[in-house]
Structures are given as structure tokens and as C-alpha cells.
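Q:
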Amino acid sequence: MINAKLPKLFYGGDYNPDQWPKEVWDEDMRLFKLAGIDVATVGVFSWAKLQPDELTYDLAWLDEVLAKLHDNGLYACLATATAAVPAWLAKRCPDVLRVDFEGRQRAFGFRHNFCPHSPSDRHYARLLASKLAERYQDHPALLVWHVNNEYGGVCYCQTCARAFRVWLKRRYGSLDAVNEAWNSSFWGHTFYDWDEIVVPNALSEYLSPTRTAFQGMSLDYARFNSDGLLECYLNEYEVLKAATPSIPITTTLMGTYQPLDYFKWAKHLDVVSWDNYPAFDTPMSQVALRHDLMRGLKDGQPFMLMEQTPSQQNWQPYNSLKRPGVMRLWSYQAVARGADTVMFFQLRRSRGACEKFHGAVIEHAGHENTRVFRECAGLGRELKALGETLLDARTEAQAAIVFDWENWWAIEYSSGPSIDLKYLNEVQQYYDAFYQQNLPVDMIGVETDLSKYQLVIAPVLYLVKPGYAKKLESFVSAGGTFVTTFFSGIVDERDLVTLGGYPGELRALLGIWAEEIDALLPTMKNRIVMKEALGPLKGEYACGLLCDLIHSEGADVLAVYGNDFYQGMPALTRHRFGQGEAWYVASSPDAAFLNGLVTHLCAQKEIVPLLPTPPGVEVTQRVKDGQAYTFVLNHGDGLARLQLGNRAMTDLLSGNVASGLVDLPAKGVMILSAVTDPQTQSPRST
Ligand code: GLA
Ligand code: ZN
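Numbering (my numbering), first residue to last: 1 to 686.
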């Protein structure tokens, strides 16, 4: 449980009473209770209010807010307020300000505006965190610590440049090792003194924001920046942990946010939390992938949905309203995929500045008679009724997709073979094949233990970290099925090519070698021609983007290219290795191929869909104490007819018992659990 003080799915969101006169606060409390809200995230951007100058702290207003929350039966997700530096600090200590990619020192403004290595920012941030910890360590309303907010961005200042050199010394030990890692004899870059190393940005190694001349250096800068921001988090974490060892500490993540290596971060979060802001037209499978990835960061441990909008955003190009029922549906989608909280940004809509048109539980109208408030209150009632039932329930998948931030960075820093190669797209396509068939899949990192999985897919495993090839070999030897794709096994963690033929370290496992890699224009396609039918895979499929020209070294060739000078060369291979199989998909195939492949591989491993449904209906499962809870979510605009089979199932939301054919209305949700016979404890059938 995230915190046993509140044994239910937390319900609430960001609350900014410091932006409002006190007269409003009592009305806020009335409305929160009416909506079933039990958690308020307070103080996220309140540094300037909590500390008017270098020496003065004013926590009186926060005392009052926390007391009011407590008196009204609410809890606080208490922020450390360091996500926006105050103007006085920027004026007094300009080293807190960032230098941007173009090399311009920023003036005071905006938020998330501190240099990650600024000694002044670290000093004052830690002090503020310790003041808050000291003051509120025993406060009965304190539920979770919310450090800073959505850490992100990059800084290129001189402080960062110096810190980068220190970071490099620690990683490599010597300048020779740095020169080797970056292959700096290329273009005469050999460094003879640490001080010669400057940060890679528009003034140095970049031709455009996405084109670096030195991938190894850029990769290290990405690692360094992610680590630097993580140190900022830890700087506050330490003082909070020391004061309140039993209060969980988190900071908000952003799903598939590229600049931060969240697998590395998650080790230091007591609970993962994240902010979910799909656009009106974001495919649901993308949102699902992000939830699964956030759940995967801590090996399946439940996470917090810290923010979502009840209705609309302000920062999209078009900020469409969530249609009736959608806020509820997407809230349950998060829970279905492992969230133990449903929280919003924000509880009361701002009056001024750039978020005044961002949705909130309490809109500008200021009362409860709005569609959005009614929907929020309805959900509040349901979450209350669910009580503890779903808390800590886990997702049990036998298949996994590997996701690695460093690989992501390295692929996209790569100059060639194609600017269209986007790691996330490739991962998403494999994920979609699972999603569309309601096949449970975990998103895992390279450090995740593979022994509980039957099937592991690592799309575009370009960068192979030390020891990972061996880990995959053990997994396959022991009977696992492994799949990887084109442009895999190319480099080591320094972005230096593994010589002797691609896929380098994965060559023995896959039983193939790749001689060349062809890049296809967006208008070009090749074909994957099956040699014989393989489960649902038969005939031919389109492929594109990249085509590896591979040779078998013991792998079975299951399909070949249909076109071009490499027509007849292998496009799909399977290598028996120990007790298991290692598959190679040499190009980026169409969805029909991937669906077929995933169906076939899952069937081989007896991994079955949770429930067959019409398109647009998502099904997931969480399990607790041997009881499975099946979430059925109808994202479609029409009624969905489902076949539940002959087991009697209770819908936790409606209380109805159902079996056989069931109709789920548009945007409808069911959480089904098998009705057990009280005598035999076994599922009852109708
Ligand atoms: C982010 C921030 C919030 C708010 C929302 C608006 O997630 O954490 O403070 O700005 O975006 O969507
Ligand atoms: Zn900096």
C-alpha cells in the first residue's frame, strides 16, 4: 500500500490555495468533500511564497492549509516546492539559471528553470526541503512527499561543463579512455587536457538540434544530464527520508519522456508517479504503453497517476474537452494497468496566466453544477466504494518488451541509416500487436529479471550493454523465446561498433549475420514473403524503413525479401538455441505481420488473450490474493457486445452478476471478478 493512512485508491490532485484569497479555501473544502476527494497535492510551485528572501521562511499559510485539509478529512501529497526558483534567488545567485542549447543564458522566468548542477540551487532547495520536513514530519495529513515536479530539460552552462568533466573522470578514469570511447581521433578531436572538453550543443558538436557529430559524447552528456537531475532529486530525498522514514517519496515522471533514464531514477523513488496527458487523438495503445512502462519501472509495483486533466489541457494546439465518460474511462485505464491513485491537475482552475484554460475539478464557474464536477464526483463515489479491493493488485504477464533509454538516445543520435527510425515507433508497433489482442505484456528494462517470462521482445536493440547478450543467451538456453529486429547488436555502451559483423554480440544467439543495412524512402516498400505458413502468418507482408541484408549461420529462414537486389535473402529467421528460440525480424513489417507473429509466438507459449473483444475494447487484469480482476474498457463510440463465457462474474462497479453475452455501452467500464461458491471457493458457473 502506498500509505496505509489512506487504504483506498487515492483521489484528488494539485491544489494551489496560495493562488487564491483565503475566503475561497472553505468553499474548496466543501467541494472537495462533495467530489469524494481525499488527497490534495500542495505547494508544487510555491517556493517564492514559502521563502520571500534568502533568510525568511513563511510557512504560516501552509500550516493553515494542511490544518484545513486535515480538519476536513483530507490528506496532503506535500511538494517540496522547488520546481520553480524564486526571482530573488535568480537575482542573487545567477548560477541557478540555465544556459540553453544555443548557449544563451536564460533570464529569470518560466518554471523548471534551475541549472541541475547549480550549487546555489542545490543549497537552497535542500534547505527548503529540510524546513518542510522539520515542520511537517509528524503532521497527520502528510501522506506522500512530492519532490520538485517533472524534472526535465538540459543545461549547458559552465557549471555543467565542469561537472561533466568530473562525471567523465568518474566514469572513465582517464582521458585516454574518454578519447577511446568517443573515437576522438575522428576529425582530430583528441583531448590532451580535461579542460579542453566542452559541452556538446549548437555551439560545438551540433549541426542542428538532432544532428551531433560525436554520438559517444552526446550519449554521455545525456547520461550526465539525467544523472545530474537525479542528484537534485536525491539532494531533497535524503533530508525527507531522514526526517520521515515511513512516508513514501516520489517525483512526477512523464511516461515516455526521452531525456531522463527512468529505469535508473525509479530505483530511488519509493513509489513511481506520473502525469498522463494524452491529446484528443492519441491512440489508446500509446497511453497503455506508457502506463505499462511506468509500472515496469519498479518491477510491476503499483504506481500513482499523479496528474491528468479532468477535461482539457491548455498547451496542446487544440485543447478538446474530454467527452462525457472519457475522464472516468481513462482513470480506470490507469488503474487497470497498475495505478493505485487517480489524481488531477488541478482541483481549482487558475484565474490568470497560462493555465487559466486548463481543466480543473472546480471550473471558473466556481460551483458544483457543471458536467465536469458531476463526473468527478461520480468517480469519487465509485472509488470510495471500491475501498481496498484493488490496492496492491499486480499484473501477471508472461511476455515482455524491453525498453532502454540509453538505447533510445543512441539510436536517435545516430547519423544514418535513416532519419525516420524512431525507437518509440518500433516499440509501439510490437506493443500494439499485444494490445489489440488483449495479451498482457510487461514493459521491462535491461536489468529486469527475465526468468518469469516466456517471451521477450527487444525491438531495435542497437546498443547492447555489458553482459546483456549473455543474459539473453541464458534466458533462451533455459527455454525462453527471444525476438529482436533489424539494426540490433550494432554498438556497445560507448556507441562503438562491435566489429566482425552485425549483430555483434547477439550473433551467436541469433544464428545470423548482417552484412549491410538498406534504408528505404518513405514511399518505398519491400515484401516479407513467408516460405510456408506459420500459425496465422502466411503469404506476404509489406515492410520498410530499414532492411538488414542477413545470412543464416544456423538459423532457420522462415521468410525472405520479395524485392530488390536482395530478393530471396532472409527477412525472418528462427534460431534454436539451447531449449529456446531466438528470432530475428530483419525489417520493419506492417501491422498484419506483427499481429500474426505475436499471435504465433504467444500460442506456442500458451499465452492466451484475456478476453476476445471487438476492436476498441481494452482488457487487462490485476490479481490480488489469488483473485483476478478483469478490467473491460470500451473506448469505442458504440455499444460493444462481449462474450464472457459461462463463468458468473461480478462487476465491481455496478454490482451486477454477468455471464455469457454482455453489452458494454460506449465509454463503459466493467471490473469483473469471478463469483466464487462460498462452500467450495471455486468459480461458480451459470
Ligand atoms: C504538468 C505539470 C502541472 C501542470 C500540467 C498541465 O504535468 O506538472 O503543473 O502544468 O502539466 O497540463
Ligand atoms: Zn548548468
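The beta carbon of each residue, even a glycine, is placed where N, CA and C say it ideally should be.
Predicted model, so just to flag it, every value in this text is computed and none were measured.
So which residues put a beta carbon under 7 Å from any heavy atom of the ligand ZN, going in chain order?
A: Every residue passing the under-7 Å Cβ criterion appears here: 98, 99, 115, 116, 117, 118, 155, 156, 157, 159 and 160.
Q: With the cut-off set at 8 Å, would you say residue 103 and residue 156 are in Cβ contact?
A: In contact: residue 103 and residue 156 (Cβ atoms closer than 8 Å).
Q: Please confirm whether any heavy atom of the ligand GLA lies closer than 7 Å to the CB of residue 275.
A: For the ligand GLA, at least one heavy atom lies less than 7 Å from the Cβ of residue 275.
Q: Nearest-angstrom Cα distance between residue 574 and residue 598?
A: Roughly 14 Å separates the two Cα atoms.
Q: Would the beta-carbon of residue 47 fall within 8 Å of that of residue 127?
A: The answer is no: Cβ separation not under 8 Å.
Q: Nearer than 7 Å: is that true of the beta carbon of residue 345 relative to any heavy atom of the ligand GLA?
A: Yes - the ligand GLA has a heavy atom lying nearer than 7 Å to the Cβ of residue 345.
Q: CA-CA distance, residue 457 and residue 580?
A: So the two alpha carbons sit approximately 14 Å from each other.
Q: Would you mind stating whether residue 84 and residue 43 have Cβ atoms separated by less than 8 Å?
A: Going by C-beta atoms, residue 84 is not nearer than 8 Å to residue 43.
Q: In three-state DSSP terms, what is residue 291?
A: It is helical.
Q: Report the rounded CA-to-CA distance for residue 563 versus residue 586, giving the unit in angstroms.
A: Each residue's alpha carbon lies about 14 Å from the other.
Q: Roughly how far, in whole angstroms, is the beta-carbon of residue 148 from the beta-carbon of residue 257, given that I think they are within contact range, below 8 Å?
A: Their Cβ separation, rounded to whole angstroms, is 14 Å, which puts residue 148 and residue 257 out of contact at 8 Å.
Q: Going by beta-carbon coordinates alone, are residue 402 and residue 463 separated by less than 8 Å?
A: No, Cβ-Cβ distance for residue 402 and residue 463 is not below 8 Å.
Q: Could you check what DSSP says for residue 650 in three-state terms: helix, strand or coil?
A: Of the three classes helix, strand and coil, the one that applies to residue 650 here is strand, per DSSP.
Q: DSSP three-state label for residue 499, please.
A: Here residue 499 sits in coil by DSSP.
Q: Please state the DSSP three-state secondary structure of residue 511.
A: Residue state, collapsed to three classes: coil.
Q: Hey, is residue 613 close to the ligand GLA, as in C-beta under 7 Å from one of its heavy atoms?
A: Checking every heavy atom of the ligand GLA against the Cβ of residue 613, none is found closer than 7 Å.
Q: Does the count of Cβ pairs from the segment 512 to 525 and the segment 192 to 211 closer than 8 Å reach three?
A: At 8 Å Cβ cutoff, the stretches do not touch.
Q: Using 10 angstroms around the beta-carbon of residue 173, count the other beta-carbons present and answer buried if the total reaches 16, otherwise exposed.
A: Classification for residue 173: exposed.
Q: Assuming the contact rule is C-beta atoms closer than 8 Å, residue 641 and residue 661 should be a hit. Round their C-beta distance to whole Å, please.
A: With a Cβ gap of about 6 Å, residue 641 and residue 661 count as contacting.
Q: Opposite residue 530 in the DSSP bridges: which residues?
A: The partner list for residue 530 (beta bridge, DSSP) reads 559.
Q: Verify the contact flag: residue 291, CB atom, against every heavy atom of the ligand GLA, threshold strictly below 7 Å.
A: It does not: the Cβ of residue 291 is nowhere closer than 7 Å to a heavy atom of the ligand GLA.
Q: Can you tell which of 328, 292 and 242 has its C-alpha closest to the C-alpha of residue 666?
A: Nearest C-alpha to residue 666: 328.
Q: Excluding sequence positions up to five away, which residues of its chain have a Cβ less than 6 Å from the Cβ of residue 319?
A: So the list reads 312 and 313, once near-sequence residues are dropped.
Q: For residue 64, does the three-state DSSP call read helix, strand or coil?
A: The answer is helix: DSSP assigns residue 64 an H, G or I state.
Q: How many Å lie between residue 137 and residue 3 at the Cα?
A: So the alpha carbons of these two residues sit roughly 15 Å apart.
Q: Applying the 10 Å Cβ sphere with the 16-neighbour rule, what's the burial state of residue 449?
A: So residue 449 ends up on the exposed side.
Q: Based on Cα-Cα distance, which residue from 165, 419 and 273 lies nearest to residue 210?
A: Taking only the C-alpha atoms, the option nearest residue 210 is 419.
Q: On a Cα-Cα basis, can you pick out the residue from 639, 643 and 509 that is closest to residue 577?
A: Here the closest residue by C-alpha is 509.
Q: Just the C-alpha distance for residue 178 and residue 227, rounded to the nearest angstrom, thanks.
A: Spanning the two alpha carbons is a distance of roughly 18 Å.
Q: Per DSSP, what kind of secondary structure is residue 107 in: helix, strand or coil?
A: DSSP places residue 107 in coil when its eight states are reduced to three.
Q: Do you know how far the Cα of residue 376 is from the Cα of residue 369?
A: Answer to the nearest angstrom: the Cα atoms are 11 Å apart.
Q: Which residues bound the beta strand (DSSP E) around residue 364?
A: From DSSP, residue 364 is part of no beta strand (DSSP E); its letter is neither H nor E.
Q: For the segment 220 to 300, list the beta strand (DSSP E) runs that are entirely contained and at least 3 residues long, ordered along the chain.
A: Whole beta strand (DSSP E) segments, 3+ residues: 273 to 275.
Q: Quick check: the Cα distance between residue 425 and residue 455, rounded to an integer number of angstroms?
A: If you take the alpha carbons of residue 425 and residue 455, they lie about 20 Å apart.
Q: From this set, 625, 482 and 367, which residue's C-alpha is nearest residue 605's C-alpha?
A: Selected option, being the one with the closest Cα: 482.
Q: If we require 3 or more residues per run, which beta strand (DSSP E) segments fall completely within the segment 390 to 432?
A: With a minimum length of 3 residues, the continuous beta strand (DSSP E) runs that stay inside the segment 390 to 432 are 399 to 402.
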